[in-house]
Structure formats: C-alpha cells, structure tokens
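What follows is a set of notes on a single structure, which appears directly below.
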Amino acid sequence: MRGTFVVIIIGALATGCHPSATIENTMPVANLQSYKTVALRVQSQAYAQNASYLQSVVLQRLQQQCGFEQVGIANGGPADVLLDLNITRMARGGDSKWIQNANVATIDTLLVLTDGASGELLGTARIHGSSSGINMSGGLPEREAIDVVAKTVGDLLASSGCTGPRVARVEAPPPPNPTNPTNPTNPTNPTITPVSNPVTPTNPGISDAQRQQAEDMNHQGSDKLRAADIAGAIAAFQQAISIAPDAKYSYNLCLALEAQTSWDQATTACKQAKSQGPDAKLAAKIDHRLDLLAHRQ
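When the letters of the sequence shown are read in order and numbered with this note's numbering, they come out as residues 1276 to 1572.
Rendered as structure tokens:
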C-alpha cells in the first residue's frame, strides 16, 4: 500500500491451535519507500534473553521482507529509520480468564519508529502475540509467540512501504522568511536580519532559554516513548507545552495519548496542535491523525 500514512488494525490471525498476533493500535507511519537504512533496537530489562531472540528474528524478517539497503542493530551510527521494539510483558497460561493452558505463552510489545535524521516520531504499534498452546516439538512456547510478533512487525512495515526499490526523498523547500530578507542588489552576499525570538500568535515572547527547556522536555518525551514509558512520555510532552506552547509538542502528546489508548484526550491534543499554527507538513499530519481518531472511536 502506498501513501503518506498507513494505519492497520489486525484482528486475531487465527484461533484454536495456531499462533496469533493482534495490533491493538497504531499511529501514523510515514511512507517508508524513501528510507534506505534502518537500525533495530530491542529492549527489555525483565526479559533479556527473549529480547535477544526477538531482535534476531525481527532483523531476519526485515532483511527478507523489506527493500532497505541496510538493516542492522542500532549502535549509535547514522540510520534513516530507528526501530525500537520493547517487550512490556510476557506470561504463560493464555488470555482466557476461564481456561488456562501452560503451553500458551503471550507477549506484549511496543514498536516505535523514529526518523533518524530529524528525530521525528513516525509511528507506533502495540503488538500482542500468542503461541498455539500445542507443544509437540518440545520447544519453548515463548519462541513461538515471539516468531509471530516478528512476522507481524515485518508485515506492518511491508504494508507501510518498506518493500521494493527505494525512492528519492523529496522535501518541500522552506517558505520565505519575511523577517530575514536577502539583499536584492547582491544575492551572493545576502543581508540577514537576525531574529533570535520571533513572536507569533501562538508563541508570544518565549525566551531562548524557555524554548531550549521545552525542546529538552520534548526530546525526553520522545526518548521515554521509545523506551515504552508512555506515562513518562505524556508527562514530558505536557511539560514542554506548559513551557512553550508549540504544535509539534501537542502533536507528540496526541501520539503518546493514543499509545495509551486515551482516544478522547488524544483527539483534544491533536485539535490543540491544529490551533497552534503548524506548518503545512505538520498540519497535514494532524488532519490525518484527527480523521483516524474519529474513525477509531
């Protein structure tokens, strides 16, 4: 599927004696056809051994299903896309309240995609995987549950444009800045009027120190979301907004609230972002997000 954004809601892939996975909710995912390299980072303090296995099978899936020129483990080097995958819970016994099966293993994960160049949050998915409950091979049911999560991650990214040849990434040129005109008599040596703190209707008189503090909180919020600390991410984005109201902070709050499945609050945050004078690119993302939230509710 091609397009700027992709949202997928997947029901149970199978019932009975087959492994299954569901995607509980997703955020917008940018068209991945323009991204050439991806770095994978799987995290879990409580389930380190299973995290290592999940990393290896997801890595293999991406190499098989996607057209990325390079797929590797995140090591601090440059990458077009950073894929964070956190194991938030693992259990035995199954999802049924009435019937317990010791051979059923379940796993909950949070996937977060980030633009490697800009640090912009691209999308998330909460994926729940379950093993079949029939252990005829003697293997660990956790491995079976992890395998189906890895397959779901691959299918999700494939539906978001990771397959096929890469295409050139087109960025819209920046709009002209009327406060910083160039010198028309000498275009090779433009005269720039420095504006350290432009005043806008949605950002009246925010100091440089306040802006930096808000940016720091916004970065902390993104880091917390990538680490599956959704509550911490929400608090950080809210603090950034309180320091320096900005459409991008409100939009990130909208995404974090959606990851928490707080649909009404997410809608309110996205509407707030739309009222804060976003640029055209962000405004389009907000409009699409509001439409998706309306249909989700």
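Even glycine gets a Cβ: it sits at the ideal position worked out from N, Cα and C. Bear in mind the structure is a predicted one, so any value in this text is a computation, not a measurement.
Query: The segment 1378-1391 contacting the segment 1351-1358, beta-carbon criterion three pairs below 8 angstroms; Result: yes
Query: Neighbourhood of Asn1461 by C-beta distance below 7 angstroms, restricted to the same chain and skipping five residues each side; Result: Its pLDDT being 38, under 50, Asn1461 is placed unreliably in this model, and the value from its coordinates should be taken loosely. Hits under 7 angstroms: none found.
Query: Per-residue DSSP class, three states only, for Ile1421; Result: helix
Query: Endpoints, the beta strand (DSSP E) within which Leu1530 is located; Result: Careful: Leu1530 lies outside any beta strand (DSSP E), inside the alpha helix (DSSP H) at Ala1522 to Ala1534.
Query: Where Ile1481 falls: helix, strand or coil (DSSP); Result: coil
Query: Whole-Å CB distance - Ser1497 paired with Leu1396, under 8 angstroms assumed; Result: 6 angstroms
Query: Classification of His1403 by the beta-carbon crowding that lies within 10 angstroms, buried from 16 upward; Result: buried
Query: Terminal residues of the beta strand (DSSP E) in which Gly1351 lies; Result: Here Gly1351 belongs to no beta strand (DSSP E), and DSSP marks it neither H nor E.
Query: Terminal residues of the alpha helix (DSSP H) in which Asn1325 lies; Result: Ala1323 to Gln1340
Query: Inter-stretch contact (C-beta, 8 angstroms, three-pair minimum) for the segment 1323-1339 and the segment 1512-1519; Result: no
Query: Under 9 angstroms between C-beta atoms of Asp1430 and Ser1405; Result: no
Query: Residue burial classification, Thr1399 (beta-carbon count within 10 angstroms, cutoff 16); Result: buried
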